[in-house]
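Residue numbers (numbering that gives the first Met the number 0): 0 to 775.
Report on the structure given below.
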Amino acid sequence: MLARGQLLDSLAACLGLQHLDALLAREEHKALFDEMLLLAALDVAFRLCNSGATAAAAIPQLGSGPQDAVQQQQQQQSAVVVEKSGADVASDVLTRLSEVFIQLLSTPGGLSPEGAVRALRTLAMLRFNPAGDYTGLKTVSAYFRDVVLPALNPDPTAAAAAGFPPDLAVRAPQLLTDVFFAFARLFELAARRERELLAQLEALQLQEEEERARREADLEAAGGDGGDSGSGAPQLPPWGRVPRQQLPDELRGGAGSVVGDRQLYEEICHTLHATGNPLQLLPSRSLGALATAMATSRYLHYPMAMAIAHAVVVRLQTSAPVLAPPGGAAEALSALGLQDRADAIPASTLSNIMSCLTKSGFEAEALCEATAHWMVRHMGRTGGPGGRGAPAVAPHHIVDVAAAFARVKYENFDFLSKAADALTPRLPNTSPAAVSTMVWAVANSKAGRDPHFVPLLNALAYRLVVMHRNSRSSFRSALPATAAVEAGGGSSSSSSIGSGMGGGSGGGGAQVIPRHLATAVFAMGRLGLLQPVLMECVAGDVVARPDSYTSRQLANVLRAFTLLDFYRPDMFAVACGLLRDRLAAQEAAAAAAGLLPSSPELQVQVPPPLVFSPQNYSDIAWGVALAGHAPQAPELMQLLADRVTEVAPRLGKACLVRAAQAFAVAGVADPRVYQAITESTRPLLADLGPAYLATLVDAVAEVQAPVSEAFWLACMQAAAAKIEHLQRTTRVDMQSAAARLLRAFRRHPATAAYASTRDHYVTPQLEQLLTQPAAY
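Have a look at this one:
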């Protein structure tokens with residue numbers, strides 16, 4: 000007992016991770032650990048890890064002279080070295096504590112249910128998996144499901160009947176929330192680690208295959224024996240020789256998959272949604288943790304989400320006390336840190352709940368209404384957590400709520416207008432992710448085209464360009480520091496520990512990545528708002544680092560440039576060349592696997608750069624063709640035509656029309672692609688607007704593509720059904736659509752070839768319509 004007390008005092012006196020690591024490494028201390036010492040050591044580790052991260056970032060700011068810049072760079076280099084070594088020590092400390100945690104779990108009575116939850120949550124907050132990998136974490140979750148959860152019953156009567164103390168029932172809602180949050184985060188970290196390890200293994204195998212292919216090519220060029228190259232069989236490219244290992248859906252993040260232990264999540268949600276509504280006892284921050292857990296684990300329990308939404312709405316609209324918990328334990332709530340009144344929800348918690356629930360696919364208009372009204376009242380006020388003068392609602396909280404509304408298509412002009420007014424003067428404090436997300440949110444709102452938002456969009460575009468310039472220059476200046484760290488033996492293997500110490504808000508958050516640029520420029524394209532400075536920035540970035548862009552991002556960039564009529568030949572040449580190579584590589588991989596290039600089975604077998612969605616094919620074709628770049632990229636257009644022929648039944652009506660228009664403009668004469676497009680579009684013709692219908696029919700007539708009688712008759716019937724819309728002479732686009740329809744019906748040979756279309760009544764109707772004088 001004396002030795003345990005001395006060890007506890009030593010833990011409390013620790014001032015650094017090295018000291019804590021030395022205490023944990025002693026053999027005589029390992030046998031002393033029990034629940035109290037483990038929790039104390041974890042609390043100390045959490046304190047030291049967080050203080051270490053903030054201390055490393057606290058570099059004094061110097062002037063702007065050359066000597067000051069050199070001194071600042073030297074300080075950053077030394078800080079990087081200290082941070083790396085500190086991360087290594089933190090990894091050792093958490094590994095030792097995880098071993099103690101697992102040992103106590105495996106010992107009957109080694110950890111109480113509450114102690115096990117507290118230890119697991121601390122490790123989750125530090126982003127450290129105590130089980131080592133995904134499979135080990137499954138074993139730990141099974142233990143919690145079988146041993147810990149039965150003890151965490153919010154019903155005091157049932158808890159007392161099972162032999163558990165009544166006060167544990169009062170704390171049960173919070174403990175269940177902690178279990179859900181901890182396992183959701185740890186399983187997500189473990190799944191990400193599995194993906195990273197697999198990617199590293201495949202990269203190593205690819206490097207070996209590339210070296211082998213290079214040696215074979217050298218031998219063949221020298222006239223020697225090229226090994227397998229002389230067998231006469233076609234040689235696969237190096238990446239085609241590396242077998243792709245397929246991860247389960249839960250590790251790959253597949254659609255509909257749950258990351259982690261579904262049964263554990265289900266039992267927790269059922270318990271928290273039991274009779275008596277235990278959620279009413281939780282503080283708002285814990286409601287945010289529940290929403291975060293559902294989004295992280297991709298497990299949406301609809302009754303739980305509804306309960307969270309209801310609790311948030313009540314707390315936003317009233318401050319009346321909630322019902323007392325069963326068993327007369329209301330007087331103990333304040334001492335236990337639980338919710339005894341409807342507390343004021345801070346902006347950070349509210350924005351987090353909205354973001355997580357909408358990302359999970361949950362939408363509730365009442366929650367959106369209450370959130371919008373609360374945000375309108377508080378945006379622009381001061382008194383936030385930053386102290387006197389700090390805004391009550393930070394810029395990134397405004398952005399998160401605006402993006403959440405856009406996801407569920409909730410429209411509120413007052414909120415968006417107030418958000419624009421509050422956000423514009425605070426743009427210097429926003430991150431690249433917040434800037435691009437806000438542009439996306441405005442573009443996806445019906446009110447986004449209102450002139451009121453043009454100043455905000457101009458400021459957002461300029462802010463993103465400035466941050467891009469700064470991030471590229473800081474990246475170049477950071478290369479010497481990185482080289483110095485590597486030369487000095489600095490380790491980067493423990494970066495995941497550093498990220499768990501609060502380092503996520505450091506300088507890395509200011510880096511502008513391709514996703515930010517592609518999102519912003521595509522949103523501007525949807526709005527029809529040309530920002531030449533942003534366009535030049537994006538074009539230069541694509542030319543400088545094209546391999547950093549995914550195929551979807553390149554598709555969005557090309558389509559946005561075409562929408563805004565901003566043609567940059569060098570960018571289009573680089574992007575088209577890269578996309579052509581990726582499509583050719585995808586086709587070769589499909590041939591080797593005996594699959595179609597666009598098949599979903601192939602998508603999980605090829606490297607990420609070779610992954611295309613069906614919409615990407617039509618978007619790329621449309622962007623390239625209507626920009627006038629198709630004559631410079633004939634191979635790309637033919638590859639896209641082949642892919643669209645395969646995926647046409649999976650495309651939406653807008654994508655089908657864009658694809659037909661693109662190939663007609665590019666002069667692609669392959670009848671297979673038009674047959675696939677027309678047959679896939681025929682059931683959707685009634686849903687096409689007049690302009691889209693005219694574009695489709697005009698494209699088919701432009702290339703004189705052979706069509707079936709059923710399709711051409713359906714086009715005429717659809718045009719006849721839209722005569723009432725086409726008669727709106729005040730609309731220039733309706734006049735243009737009517738003219739294009741009539742011209743297409745007249746010049747396509749199908750009109751005269753089929754008896755059902757030869758004398759169709761829509762032709763005289765369109766002729767009569769076009770003889771009427773326009774009202775503009």
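Every residue, glycine too, gets a C-beta built ideally from N, C-alpha and C.
It should be emphasised that the depicted structure is a prediction, and the values quoted were computed from it without experimental measurement.
State the beta-bridge partners of residue i as determined by DSSP.
i: proline 390; result: Thr381
For residue i, tell me which candidate among the options has the shortest Cα-Cα distance.
i: phenylalanine 100; options: Asp87, Val116, Val464; result: Val116
i: histidine 309; options: Pro277, Arg297, Phe571; result: Pro277
i: lysine 721; options: Leu692, Phe45, Ala743; result: Leu692
i: leucine 553; options: Ser97, Gly593, Val610; result: Val610
i: serine 547; options: Glu586, Ala517, Ala647; result: Ala517
i: leucine 205; options: Val169, Val605, Tyr566; result: Val605
i: phenylalanine 521; options: Val696, Met437, Arg739, Ala509; result: Met437
i: glutamate 701; options: Ala685, Ala719, Leu741, Thr729; result: Leu741
i: threonine 531; options: Phe565, Arg551, Pro545, Asp540; result: The residue you asked about is not threonine; residue 531 is proline in the sequence shown. Closest option to proline 531, Cα to Cα, is Phe565.
i: lysine 652; options: Arg681, Glu215, Arg739, His377; result: Arg681
i: leucine 635; options: Ser679, Val656, Ala583, Leu16; result: Ala583
i: aspartate 91; options: Val731, Leu595, Gly131; result: Gly131
i: alanine 288; options: Gly259, Met353, Ala118; result: Met353
i: histidine 269; options: Val257, Ser256, Gly259, Tyr301; result: Tyr301
i: threonine 94; options: Arg126, Gly114, Gly108, Ala371; result: Arg126
i: alanine 371; options: Leu315, Arg261, Ala589; result: Leu315
i: proline 450; options: Tyr461, Phe412, Ala421; result: Phe412
Once the 5 residues before and after residue i are set aside, which same chain residues still bring their CB inside 7 Å of it?
i: proline 705; result: Pro670
i: serine 230; result: With a pLDDT of 44 at serine 230, under the threshold of 50, the predicted position of this residue should be treated as unreliable, though the coordinate-derived value follows. For serine 230, where only same-chain residues beyond five positions count, there are no Cβ hits under 7 Å.
i: arginine 581; result: Ser550, Pro608, Leu609
i: alanine 458; result: Thr423, Leu426
i: proline 545; result: Val573, Ala574, Leu577
i: proline 776; result: Since the first residue shown for the chain is 0 and the last is 775, residue 776 is missing from the structure and cannot be characterised.
i: alanine 189; result: Asn128, Asp132, Tyr133, Leu136
i: leucine 366; result: Ala308, Val311, Val312
So residue i is in the alpha helix (DSSP H); what residue range does that whole segment cover?
i: glycine 787; result: In the structure displayed, the chain extends from 0 to 775; residue 787 sits before or after that span and is not available.
i: proline 165; result: 165-220
i: lysine 358; result: 346-358
i: serine 444; result: Premise fails: serine 444 is in no alpha helix (DSSP H) and is neither H nor E.
i: asparagine 555; result: 550-562
i: phenylalanine 565; result: Per DSSP, phenylalanine 565 belongs to no alpha helix (DSSP H) and is neither H nor E.
i: proline 155; result: 155-160
i: cysteine 654; result: 652-665
i: valine 623; result: 613-625
i: arginine 425; result: Counting along the chain, arginine 425 falls outside any alpha helix (DSSP H), and DSSP gives it neither H nor E.
i: valine 311; result: 301-316
i: leucine 639; result: 633-646
i: histidine 515; result: 513-526
i: glutamate 362; result: Careful: glutamate 362 lies outside any alpha helix (DSSP H) and carries neither H nor E.
i: cysteine 536; result: 531-543
i: valine 407; result: Unbroken run through valine 407: none, as it is neither H nor E.
i: proline 607; result: Premise fails: proline 607 is in no alpha helix (DSSP H) and is neither H nor E.
According to the Cβ coordinates, are residue i and residue j closer than 9 Å?
i: leucine 47; j: cysteine 13; result: yes
i: leucine 148; j: isoleucine 307; result: no
i: leucine 463; j: valine 441; result: no
i: phenylalanine 662; j: alanine 698; result: yes
i: serine 285; j: threonine 121; result: no
i: cysteine 355; j: alanine 294; result: yes
i: alanine 393; j: leucine 415; result: no
i: valine 667; j: alanine 640; result: yes
Can you find the residues in the same chain that come closer than 6 Å, C-beta to C-beta, to residue i, ignoring five residues on each side of it along the sequence?
i: arginine 558; result: Asp618, Gly622
i: arginine 642; result: Ser597, Tyr616
i: glutamate 207; result: none
i: glutamine 338; result: The predicted model places glutamine 338 with a pLDDT of 45, which falls under 50 and marks its position as unreliable; any figure quoted below should be read in that light. Cβ neighbours of glutamine 338 beyond the five flanking positions: Leu280, Leu281, Pro282.
i: valine 656; result: Tyr691, Thr694, Leu695
i: alanine 538; result: Arg567, Met570
i: tryptophan 238; result: Note that tryptophan 238 has pLDDT 46, beneath the 50 cutoff, so the model's placement of it is unreliable and the number below is only indicative. Contacts found: Leu205.
I'd like to know if residue i contacts chain B, where contact means its C-beta is closer than 9 Å to some C-beta of that chain.
i: methionine 374; result: Within the model displayed, chain B is absent; a lone protein chain is all it includes.
Excluding the 5 residues preceding and the 5 following residue i in the sequence, name in chain order all residues of the same chain whose CB lies nearer than 8 Å to its CB.
i: leucine 6; result: Leu22, His28, Leu31, Leu36
i: alanine 334; result: Bear in mind that the predicted position of alanine 334 carries a pLDDT of just 44, short of 50, making it unreliable; the figure below should be weighed with that in mind. Result list for alanine 334: empty, nothing under 8 Å.
i: proline 233; result: Low local confidence applies: a pLDDT of 44 at proline 233 is under 50, so the model's placement there is unreliable, and no value is given.
i: valine 43; result: Leu10, Ala11, Cys13, Leu19
With a threshold of 8 Å (Cβ to nearest heavy atom), would residue i be considered close to the ligand ZN?
i: proline 613; result: The ligand ZN is absent from the structure shown, which contains no ligand whatsoever.
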